[in-house]
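Protein chains in written order, with full-length UniProt numbering: chain A, 1 to 527; chain B, 1 to 374.
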């Protein structure tokens, strides 16, 4: 950390910039302006690409949270605060939901920085411990999202690349490897980008062409000690069509940006520098979503042979062919009848990929994503009083229901602000910002949901509870009669029933009668 | 075995978090129940009474236990309890009653535990409203309709609200954050933000809604993520969906042999909460059918071919090597490699043997003729 905060002088020269919000590392002040681009290796590149370039870094536009706060009609900021809270909650949700081709079968190498830079305590408890903790979460989440994918973990330690776990599809193996190898290693020495990338490249060399090849690099240091020219490594990564994502823990590094840009067809959005712990997790978990397949990629779709084994239960224990453990029961490979104890896996005897049909189903939501829901304006908000699925009540429009009360409050506030000379505008023109309706509607079934259900449906459930639980007639009824009180659209059964239908209807009426329960019937069971 | 000798008894955690939310998803398709009654002589009203006894038994376990009932009706999903706040709560059954009758009922109910009575009244009133709004024509239009995916989705969102305070079971992951967190319910939370445990019971008489495969599976995975077991009481028509739901989430799957004794099955099989279940051997089904059906001929497969883009399953390489779902030209040449053993036998004699064995598994034919014409 060469620069310290004391050195920082706000000058008007183009290259000195205020402290980067992204730079959590110790220094974070301005870098030397002249020598910035002279070294190719791992110099901090916290400036714009070139003087006078139109592109501005994120941290150059300072946003003050208090600028957005506007007083509500009743003089409180509660409405705006709720709105801001919901906006941040929704921010992550709003993404492109057109069904796009994604690389569902993935091969990813996770490279963790285990150099001395990870001993910094800017992330609690230390960068190292937090990274290991997030790495464990990442492994779990990765296999939950991509059940038929493979993962491998590498560490950058003392100038070397340290293999933590081999390419494999069993999350338990990776978790134990993390526990046994990564936790026992004390962060030490420098990190070597080139060594780690070369090892990752070697691991991905044999992977089949229909899958993706990705590297996720957690980079805590600001420098790299490499045995050769890292640009050669970058070029060979591009040749092998390996996509690299980087999460920087300290500040942006020029060579990292170049690495990401070149391996992602000129798109550097896969390089992120963390703001805080939450943002760190967000950036890391973003890599669990399967990447979009780009057309220029040379990946060839292919037909894979897979076995769907059946589960067996045995009376006596027998060895499984994958771990040689004694187990009672397991899955039998349909081709060679070897017993494996864990799915999905590759049969150790005949090499057949063994999966459950549920593993395939787990990936379907990436292929058919749920549409984004829209915020409901107050003009339509009166049609619902509560969230359709979790039954929590919605706020009602206070300014419409009790105008007199607001007016009194309003006058008192104007009286208070009159001394400042700001309250010159007439009362009626001053349209106070309405608080948010806190309703979100599915565009297909027009059902209103609360923010929590919105997030839950998009992040975990991947279903619209409304679309799944309303018949087409009820959806139509909701769409046509927008201010309908309840969704009982079935009442308007269209058309005269034909004569043959009548007898059926009579039967159905009987059934309905049977299904009815007597009013006030007590709890006693008949038998 | 060491659970039996009671050593665990002493390091048993304080039973502070034993409160459980029981969500019951009940099929209310009148046609399905009428058909079922013919074969089993268990009518819907009697089944509902038995279910309510079960719900009351659940509520009796702890003051803080809660219960919700969701109807999977012919025209969609309806909350029976808690009833929709927006609708009128009048009981259509009470309109016909004379004041004397009402008094009689009130006297009968006077000594009943209030929590039981509230739930019973609400469920029965909501159900009567539901049937009053259902026309015979609508019943005939959709004899087998089931909104299983919707009912599960509604149940899970409700559980998310009540048990997780809307956090979706995900802590922020930032250290020190969850300890100070008190969620909207104001209760104590564990590391996932959970204040209550939850379980879902599906009482089903309708067959699998085949067109809802993906939504149902999505719901199952969401339940898995929230660690909510889905118990299934399947009265009629064995289903694959619900078997997989119970198996994946660690719930109980039962097909009662004698449906008249439904209450017995409910009490013994489904009543234990998550703590009790740890020390019980659950009466669930062990052999679950996991085999997949191919998209082309609907055949049940042991070994199949999967498109790497859209994950469609085929029983043989599709015609022209083009995936019928996503219209992508597939590379079938790689199938040659998959069939071969991992370690190639070095001797010629053995290689011949390996080749001989290949046609049995159907690999050689697939590799030789990428577009078989049958």
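The beta-carbon is built from N, C-alpha and C at its ideal position, and this holds for glycine as well. Keep in mind it's a predicted model, so treat the numbers as computed, not measured.
Among A:81, A:82, A:120, A:267, which has the Cα closest to the Cα of residue 186 of chain A?
-> The residue given as residue 186 of chain A occupies position 186 in the first chain. Nearest option by C-alpha distance: A:120.
Per-residue DSSP class, three states only, for residue 205 of chain B | As a first step, residue 205 of chain B must be located in the second chain, where it is residue number 205. Three-state DSSP puts residue 205 of chain B in coil, outside helix and strand.
Residue range of the unbroken beta strand (DSSP E) whose run includes residue 156 of chain A | Numbered from its first residue, the first chain carries residue 156 of chain A at position 156. From DSSP, the beta strand (DSSP E) with residue 156 of chain A extends over 150-157.
How would you call residue 131 of chain A, buried or exposed, if buried means at least 16 neighbouring beta carbons within 10 angstroms?
-> Here the question's residue 131 of chain A lines up with position 131 in the first chain. When all chains shown are included, residue 131 of chain A counts as buried.
Under 9 Å Cβ-Cβ, which residues of chain B neighbour residue 104 of chain A?
-> Here residue 104 of chain A is taken as the residue at index 104 of the first chain, counted from 1. Per Cβ cutoff of 9 Å: 308, 309, 310, 311.
Start and end of the beta strand (DSSP E) containing residue 219 of chain A?
-> Sequence index remark: in the first chain, residue 219 of chain A carries index 219 (1-based). Residues 212-219.
Could one say the Cβ of residue 172 of chain A lies closer than 9 Å to chain B's Cβ atoms, at least one of them?
-> Along the first chain, read from residue 1 onward, the residue named residue 172 of chain A stands at position 172. By this cut-off, residue 172 of chain A is not an interface position.
Who are residue 305 of chain B's beta bridge partners in DSSP?
-> The residue you call residue 305 of chain B lines up with position 305 of the second chain. Paired residue(s): A:305, B:314.
Between the Cα of residue 25 of chain B and those of B:146, B:287, B:301, spot the shortest distance and give me the residue it belongs to.
-> Start at 1 with the first residue of the second chain, and residue 25 of chain B comes out as number 25. Residue B:146 is the option with its Cα nearest to residue 25 of chain B.
Verify whether the separation of the beta carbon atoms of residue 222 of chain A and residue 196 of chain A is less than 9 Å.
-> Sequence index remark: in the first chain, residue 222 of chain A carries index 222 (1-based). Sequence index remark: in the first chain, residue 196 of chain A carries index 196 (1-based). Not closer than 9 Å, so no.
Check distances from the C-beta atoms of the region 232-245 of chain B to those of chain A and list, in chain order, the residues that come in under 7 Å.
-> 244
Between which two residues does the beta strand (DSSP E) harbouring residue 244 of chain A extend?
-> Locating residue 244 of chain A in the first chain gives position 244, counting from the first residue. Run containing residue 244 of chain A: 243-248, per the beta strand (DSSP E) assignment.
Backbone CA spacing between residue 242 of chain A and residue 276 of chain A [nearest angstrom] | By one-based count along the first chain, residue 242 of chain A stands at place 242. By one-based count along the first chain, residue 276 of chain A stands at place 276. Going from the Cα of residue 242 of chain A to the Cα of residue 276 of chain A covers about 28 Å.
Below 7 Å between beta carbons is the criterion; list the residues of the region 213-226 of chain B that meet it against any residue of chain A, in chain order.
-> 214, 215, 217, 218, 219, 221, 222, 225
Excluding five sequence neighbours on each side, which residues of the same chain lie with their C-beta closer than 6 Å to the C-beta of residue 352 of chain B?
-> Position 352 of the second chain, counting from 1, holds the residue named residue 352 of chain B. Here residue 352 of chain B scores only 48 on pLDDT, less than 50, and its place in the model should not be relied on; the value that follows carries that caveat. Cβ neighbours of residue 352 of chain B beyond the five flanking positions: none.
Under 9 Å, do residue 233 of chain B and residue 263 of chain B count as touching if we go by C-beta distance?
-> To locate residue 233 of chain B, count along the second chain from 1; it is residue 233. To locate residue 263 of chain B, count along the second chain from 1; it is residue 263. Cβ atoms of residue 233 of chain B and residue 263 of chain B: not closer than 9 Å.
Would you kindly work out how many angstroms separate the C-alpha atoms of residue 381 of chain A and residue 445 of chain A, rounded to a whole number?
-> The residue you call residue 381 of chain A lines up with position 381 of the first chain. The residue you call residue 445 of chain A lines up with position 445 of the first chain. Roughly 15 Å between the two C-alpha positions.
Can you tell me which of A:394, A:261, A:108 puts its alpha carbon nearest to the alpha carbon of residue 84 of chain B?
-> Sequence index remark: in the second chain, residue 84 of chain B carries index 84 (1-based). It is A:394.
Any chain B beta carbon closer than 9 Å to residue 441 of chain A | Sequence index remark: in the first chain, residue 441 of chain A carries index 441 (1-based). So no, residue 441 of chain A is outside the interface.
Should residue 242 of chain A be counted as a contact of the ligand SAM given a C-beta to heavy atom distance under 8 Å?
-> The ligand SAM is not part of the structure shown, which contains no ligands of any sort.
When the Cα atoms are used, what is the spatial distance from residue 307 of chain A to residue 150 of chain A?
-> Here residue 307 of chain A refers to the residue found at position 307 when the first chain is read from its first residue. Here residue 150 of chain A refers to the residue found at position 150 when the first chain is read from its first residue. The alpha-carbon atoms of residue 307 of chain A and residue 150 of chain A are separated by roughly 17 Å.
Which ranges would you report for the alpha helix (DSSP H) in the region 67-121 of chain B if only whole runs of at least 4 residues count?
-> 99-109
Those residues which DSSP pairs with residue 272 of chain A across a bridge = For this step, residue 272 of chain A is matched to residue 272 along the first chain. Answer is A:247.
Three-state secondary structure (DSSP) of residue 163 of chain B = Along the second chain, one-based indexing puts residue 163 of chain B at 163. Three-state DSSP puts residue 163 of chain B in a helix.
Cα-Cα separation, residue 141 of chain B to residue 41 of chain B = Counting from one through the second chain, the residue named residue 141 of chain B turns up at place 141. Counting from one through the second chain, the residue named residue 41 of chain B turns up at place 41. For residue 141 of chain B and residue 41 of chain B, the distance between alpha carbons rounds to 25 Å.
Is residue 354 of chain A closer than 9 Å to residue 344 of chain A when the C-beta atoms are compared?
-> Locating residue 344 of chain A in the first chain gives position 344, counting from the first residue. Locating residue 354 of chain A in the first chain gives position 354, counting from the first residue. Yes, the Cβ-Cβ distance between residue 344 of chain A and residue 354 of chain A is below 9 Å.
Near-chain C residues of the region 288-300 of chain B (beta-carbon distance less than 7 Å), N- to C-terminal order = Checking the listed chains, one finds no chain C in this structure; the protein chains it contains are A and B.
Meets three-Cβ-pair contact criterion under 8 Å: the region 259-271 of chain A and the region 226-241 of chain A = yes
So which of B:114, B:242, B:23, B:301 has the shortest CA-CA distance to residue 335 of chain A?
-> Taking the first chain and counting its residues from 1, one reaches residue 335 of chain A at position 335. Of the listed residues, the one whose Cα sits closest to residue 335 of chain A is B:301.
Consider the Cβ of residue 67 of chain B: report whether some Cβ of chain A lies at a distance smaller than 9 Å.
-> Counting from one through the second chain, the residue named residue 67 of chain B turns up at place 67. No, because no Cβ of chain A sits closer than 9 Å to the Cβ of residue 67 of chain B.
Residue closest to residue 238 of chain A, alpha-carbon to alpha-carbon, out of A:198, A:220, A:443 = Numbered from its first residue, the first chain carries residue 238 of chain A at position 238. Considering only alpha carbons, the answer is A:198.
At a CB-CB cut-off below 8 Å, which residues of chain B make contact with residue 308 of chain A?
-> The sequence position of residue 308 of chain A within the first chain is 308, counting from 1. Within 8 Å Cβ-Cβ: 290, 291, 292, 301, 302, 303, 304.
Backbone secondary structure at residue 24 of chain B - three-state DSSP = Position 24 of the second chain, counting from 1, holds the residue named residue 24 of chain B. In the structure shown, residue 24 of chain B sits in a strand (DSSP, three-state: E or B).
Within the chosen definition, does the region 309-319 of chain B reach the region 286-297 of chain B through at least 3 CB pairs nearer than 8 Å?
-> yes
From residue 160 of chain A to residue 303 of chain A, what distance separates their C-alpha atoms?
-> Walking along the first chain from the start, residue 160 of chain A turns up at place 160. Walking along the first chain from the start, residue 303 of chain A turns up at place 303. Rounded to the nearest angstrom, the two C-alpha atoms are 38 Å apart.
Is the Cβ of residue 144 of chain A closer than 9 Å to any Cβ of chain B?
-> Along the first chain, read from residue 1 onward, the residue named residue 144 of chain A stands at position 144. Chain B, which has a Cβ nearer than 9 Å to the Cβ of residue 144 of chain A, makes this yes.
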